[in-house]
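Comments concern the structure below.
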Amino acid sequence: MGTAEVRPIEWTEDLKIGIPIIDADHKVLVSLLNQVFETVGDREEKATLGSVLNSLVDYTEYHFAREERLQEVAGYGGLAGHKALHRDLTAQVVAIRTRFEQDPESVHGEEVLNFLRSWLVDHINGHDMAYRGACVGNEVAIKAATGVAFDHAEGDDYEDDGAPLVDWARVKVLVVEDNRNFQIIIQTILKSLGVRDITMAGNGEEGLAALAAAVPDLVLCDWRMEAMDGIEFVSQARAGGSQAKIIMMSGYSDDDVRDRAVAAGVDDFLEKPITARGFLDAATSALSR
1 MGTAEVRPIE WTEDLKIGIP IIDADHKVLV SLLNQVFETV GDREEKATLG SVLNSLVDYT
61 EYHFAREERL QEVAGYGGLA GHKALHRDLT AQVVAIRTRF EQDPESVHGE EVLNFLRSWL
121 VDHINGHDMA YRGACVGNEV AIKAATGVAF DHAEGDDYED DGAPLVDWAR VKVLVVEDNR
181 NFQIIIQTIL KSLGVRDITM AGNGEEGLAA LAAAVPDLVL CDWRMEAMDG IEFVSQARAG
241 GSQAKIIMMS GYSDDDVRDR AVAAGVDDFL EKPITARGFL DAATSALSR
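Below, the structure is given as structure tokens:
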């Protein structure tokens, strides 16, 4: 948990650029930054903090690609300098994640949050406000930025080749996870993709009750949960007739767990710490089958 000396970042009006998709991205980044703070000391700290840092890297790259496309189409004169700044900031965030992967004990919540707080707030107030005048109200540029795919990679064409495989705004998702911090991480990722219908269940029994009350398209469940583990939950869900696509998440990667999960009726498997892109790939694949 966090300490009294360091507070979460509060989203305020002065952080708004006035471009809806960019402001939405910044809100996601603020949520992820706050999760860095909250997950330190968590009982599944390595999985939760690792997942936050992975998602932070993924979403930072995605957000920067959208900003750059916006500026390019709008004809913003400071694009080259903004790109250079993006590369530097991305490298710093990646370095934090790498350090955590190599030595989790070396990463402390206060240090990381203070750095990221300065990075995000300074970037918004000191750099993003500079392109505001060239881009606010430019619907052509905003549409182009909206078309940037989440899995965009540097050097790729910015826009999707066609319609997305999954219309996330129409997907109903049930999350069965007993770790509150991990619930928030998953919820942040889902909302960033545009998912509007999200149901949270804190254990397997709550998950089964949620399945009885509504029919989700996608279920995300943890493997290790108290009372009823994920495999038992999936077995009972399938026995009850659920046809939802199910992705199981676990901090354990041995083949026995994977085989048991598949035998129970799991459609795909994600190893913790998860990445936003890894989740997107697994969910898109499952929902498209």
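So for the sequence shown, UniProt numbering puts the first residue at 1; every next one is plus one.
Even for Gly, the Cβ is constructed at its ideal location relative to N, Cα and C.
Own chain partners of residue i with C-beta closer than 7 Å, once the 5 adjacent residues on each side are dropped
i, result
"Leu116", "Leu33 and Val36"
"Met228", "Asn203, Gly204 and Glu205"
"Ile198", "Val173, Val175, Gln187 and Leu190"
"Asp25", "His63 and Arg66"
"Thr146", "Ile21"
"Gln183", "Val175, Glu177 and Met200"
"Thr90", "Thr60, Glu61 and Phe64"
"Arg258", "Phe269"
"Val140", "Val73"
Reduced DSSP category for residue i - H, G, I as helix; E, B as strand; rest coil
i, result
"Val176", "strand"
"Val36", "helix"
"Asp160", "Per-residue confidence for Asp160 stands at a pLDDT of 49, beneath the threshold of 50, marking its modelled position as unreliable; the derived number appears in the next sentence. In this structure, Asp160 counts as coil in the three-state DSSP scheme."
"Lys245", "strand"
"Leu218", "strand"
"Phe182", "helix"
"Asp229", "coil"
"Leu270", "strand"
"Glu154", "Because the pLDDT at Glu154 is just 49, under 50, the model does not fix this residue reliably, and the point stays unresolved."
"Asp25", "helix"
"Val140", "helix"
"Thr199", "strand"
"Val148", "strand"
Residue i and residue j closer than 8 Å at C-beta
i, j, result
"Val52", "Ile185", "yes"
"Val195", "Trp168", "yes"
"Thr39", "Asn181", "yes"
"Glu72", "His86", "no"
"Glu177", "Asp217", "no"
"Gly265", "Arg289", "no"
"Ile231", "Ala261", "yes"
"Thr48", "Val166", "no"
"Val107", "Arg99", "yes"
"Ile274", "Asn114", "no"
"Ser242", "Leu280", "no"
"Ala144", "Leu70", "yes"
"Asp256", "Ala286", "no"
"Ala134", "Ala84", "no"
"Val112", "Ile19", "no"
"Gly104", "Lys46", "A quick correction: the sequence has Pro, not Gly, at residue 104. For Pro104 and Lys46, yes; Cβs fall inside 8 Å."
"residue 296", "Glu44", "Residue 296 lies beyond the range of the chain shown here (1 to 289); nothing can be said about it."
Cβ neighbours of residue i in the same chain (closer than 6 Å, five flanking residues each side left out)
i, result
"Val219", "Leu174, Ala244 and Ile246"
"Leu193", "Trp168"
"Val30", "Ile9 and Trp11"
"Glu101", "none"
"Ile17", "Asp23, Asp128 and Arg132"
Contacts around residue i, its chain only, beta-carbon distance under 8 Å, and the 5 residues preceding and following it disregarded
i, result
"Phe233", "Val176, Gly204, Gly207, Leu208, Cys221 and Met225"
"Ala4", "Residue placement at Ala4 cannot be trusted, given a pLDDT of 44 that sits under 50; what the coordinates show is reported in the next sentence. So no residue of the chain qualifies."
"Val171", "Val195, Asp197, Asp217, Leu218 and Leu287"
Any alpha helix (DSSP H) of 4 or more consecutive residues that is wholly inside the segment 60-117: 79-102
**Message:** Taking 8 Å as the cut-off, does the segment 115-131 touch the segment 7-17 (at least 3 CB pairs, one atom from each stretch)?
**Reply:** Yes, the segment 7-17 is in contact with the segment 115-131.
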